[in-house]
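Residue numbers (the numbering used here): 16 to 159. The structure under discussion appears below in the form of structure tokens.
Shown next as structure tokens:
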């Protein structure tokens, strides 16, 4: 479903092998979060979505864990940014800004996508779902 959806929008992206159960479990364990169903479904089809330059539209499971843990635990950021525990990042804008789901009361309860702006530490709603984010980012309807 996800590969077809993305290919209908643009043929410029390629896909990796599906994420393994252990890779998905690793996200859940390391970030202490249940993945939203749509992101889980996408990762079960492909462990990341990449453009022709290998820049990710959707991060791999390893990058999801690595970057979320970095932003949550990097001591220097604790003095200049609000905590990152309320976001689960899955993509970036290539300019330092990150895209993610909001975490409320320890879980991702809505499909909404937010962008974190690295310059002013704002967190802004940009899409109502993963589908809308993907389409909007590929077609430049979403810009940051």
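Cβ atoms here follow ideal geometry from the backbone N, Cα and C, with glycine treated the same way.
1. Here's a check: name, in chain order, each residue in its chain whose Cβ is nearer than 6 Å to the Cβ of residue 46, leaving out the five neighbours to either side.
2. At a cut-off of 7 Å, is residue 138 close to the ligand SAH when judged by its beta-carbon and the heavy atoms of the ligand?
3. If you reduce the DSSP assignment to three classes, tell me which class residue 39 lands in.
4. Give a yes or no on whether the C-beta atoms belonging to residue 93 and residue 60 are separated by under 8 Å.
5. What do you get for residue 110, buried or exposed, if any count of 16 or more other CB atoms within 10 angstroms of its CB means buried?
6. Within a Cβ cutoff of 6 Å, which residues of the same chain sit near residue 157, ignoring the five residues on either side of it in sequence?
7. Identify whether residue 92 lies in helix, strand or coil by the three-state DSSP scheme.
8. Which one of 49, 128, 54, 62 has the shortest CA to CA distance from residue 29?
9. Taking Cβ to Cβ, would you say residue 145 is nearer than 8 Å to residue 126?
10. Leaving out five residues on either side along the sequence, give the residues of the same chain with a beta carbon under 6 Å from the beta carbon of residue 34.
If we stick to the structure as given:
1. In chain order, 83 place their CB closer than 6 Å to the CB of residue 46, counting only its own chain and leaving out the 5 sequence neighbours on each side.
2. Here there are no bound small molecules, and the ligand SAH is not part of this structure.
3. In this structure, DSSP gives residue 39 a helical state, which the three-state scheme calls helix.
4. no
5. exposed
6. 141, 151
7. helix
8. 62
9. yes
10. 58, 62, 76
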